[in-house]
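Beneath this line is the structure, given in structure tokens, with notes to follow.
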Amino acid sequence: MISDAEEPRGTRLQKVLSQAGVASRRAAEQLIIEGRVEVDGKLVTELGTRVDPDASVIHVDGARVVLDDSLVYLALNKPRGMHSTMSDDRGRPCIGDLVERKVRGHKKLFHVGRLDADTEGLILLTNDGELAHRLMHPSHEVPKTYLATVAGTVQRGLGKKLRAGIELEDGPVRVDDFAVVDAIPGKTLVRVTLHEGRNRIVRRMLAAVGYPVETLVRTDIGPVTLGNQRPGSFRALGRDEIGQLYKAVGL
Numbered sequence: 001m002i003s004d005a006e007e008p009r010g011t012r013l014q015k016v017l018s019q020a021g022v023a024s025r026r027a028a029e030q031l032i033i034e035g036r037v038e039v040d041g042k043l044v045t046e047l048g049t050r051v052d053p054d055a056s057v058i059h060v061d062g063a064r065v066v067l068d069d070s071l072v073y074l075a076l077n078k079p080r081g082m083h084s085t086m087s088d089d090r091g092r093p094c095i096g097d098l099v100e101r102k103v104r105g106h107k108k109l110f111h112v113g114r115l116d117a118d119t120e121g122l123i124l125l126t127n128d129g130e131l132a133h134r135l136m137h138p139s140h141e142v143p144k145t146y147l148a149t150v151a152g153t154v155q156r157g158l159g160k161k162l163r164a165g166i167e168l169e170d171g172p173v174r175v176d177d178f179a180v181v182d183a184i185p186g187k188t189l190v191r192v193t194l195h196e197g198r199n200r201i202v203r204r205m206l207a208a209v210g211y212p213v214e215t216l217v218r219t220d221i222g223p224v225t226l227g228n229q230r231p232g233s234f235r236a237l238g239r240d241e242i243g244q245l246y247k248a249v250g251l
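The sequence shown begins at 1 in UniProt numbering and counts up by one.
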């Protein structure tokens, strides 16, 4: 952070916030006055403050502001039957094929959140290596939510059992939340939220308690929601979503 009392250099904070799409310059000034802006870990309330957009770390209401416009943050709805890799040496369809066709100029992307080929749903793609690394690291596992169609009628008490935890061959697992969404004869739609990132964990967990999964869709990764995205489609994450992802992993 650069004080206005020094030789004028850097860019005024309200201008940086405006250029980053946080708010208009006047609204950004109000954010500063209200004490809602931090620069390099320090609260800033003076409108004359200048910052270095290339080096300063800025937070608004606790969420980090992305200042580097070369960074890309995308949400993909991975179709069923597609592998969660950027390339496949066996020639099987993979998310790298979609990136090649639909995301011009942004081929060096990290994918965050693997899904097995039979599972549809949300995968994040970014060239922000630090964020991707933290999102994938076990110590920063953000909650992920799935909708699963399982065989049979779910018995009362299953959610309590899964929240308490069950034992699998590679260790214990428990859910953060479990709910029955809908039921039809012979099948039940359930919603499962957990922090786990182990391979096929939702399928293995539900099979272990007697409810094999027939279809599975991941709908949420932390603050990012799949919504009405069509399978195979991309969308750019919003500023608030990116800021909340940073917050979730301590950046």
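Think of the CB as a built atom: it goes at the ideal place given N, C-alpha and C, for glycine as much as any other residue.
The model shown is predicted, which means the values in this text are computed figures rather than measured ones.
Exposed unless 16 or more other CB atoms sit within 10 angstroms - verdict on residue i
i    : result
R123 : The sequence given here has Ile at residue 123, not Arg. Classification of I123: buried, given that the 10 Å Cβ count is 16 or more.
I166 : exposed
R26  : exposed
T145 : buried
E29  : buried
K102 : exposed
G222 : buried
E241 : buried
V181 : exposed
T49  : buried
L71  : exposed
A147 : First, the amino acid is wrong: residue 147 is Leu here, not Ala. Per the 10 Å Cβ criterion, buried.
G21  : exposed
D54  : exposed
A75  : buried
Q14  : buried
I184 : exposed
T45  : exposed
I32  : buried
A236 : exposed
Heavy atom of the ligand MN within 7 Å of residue i beta-carbon
i    : result
P143 : By its list of ligands, the structure shown contains no ligand whatsoever, and the ligand MN lies outside what it can speak to.
Per DSSP, cross-strand counterpart(s) of residue i
i    : result
D220 : T145, T225
Y73  : T126
E120 : V217
H140 : Paired residues: none, contrary to the question.
Limits of the unbroken alpha helix (DSSP H) element including residue i
i    : result
D97  : 95-102
Y246 : 239-248
L131 : 129-136
Where the beta strand (DSSP E) containing residue i begins and where it ends
i    : result
K42  : 42-44
A236 : 234-236
H111 : 110-112
Proximity test, Cβ basis, 8 Å: residue i and chain C
i   : result
G91 : This model lacks chain C altogether; it includes just one protein chain.
Neighbourhood of residue i by C-beta, 7 Å cutoff - its chain only, sequence neighbours within 5 removed
i           : result
G129        : F110
R108        : One point to set straight first is that residue 108 is Lys, not Arg, in the sequence displayed. If we look at K108 and ignore the five residues flanking it on each side, its Cβ neighbours are N127.
residue 329 : No answer is possible for residue 329: it lies beyond the span of the chain, which begins at 1 and ends at 251.
S24         : S18
R198        : D170
Beta-carbon proximity list for residue i, same chain, < 8 Å, skipping 5 on both sides
i    : result
R163 : R174, V175, D176, D177, F178
H140 : R134, A248, V249, G250
G152 : G186, K187, T188, G210, Y211
H195 : E141, V142, P143, K144, D176
L226 : A75, N77, G121, L122, V217, R218, T219, D220
A207 : V213
Residues near residue i by beta carbon distance below 6 Å, same chain, minus five either side
i    : result
M86  : G96
H59  : E38
P172 : G165
L67  : A20, P53
T215 : T149
At what residue ranges does the segment 147-209 contain a whole run of the beta strand (DSSP E), taking only runs of 3 or more? Here the runs fully enclosed are 166-168, 171-173, 177-184, 187-194.
Minimum length 3: unbroken beta strand (DSSP E) runs contained in the UniProt domain "RNA-binding S4" (11-71): DSSP runs (the beta strand (DSSP E)) wholly in the UniProt domain "RNA-binding S4" (11-71): 37-39, 42-44, 58-60.
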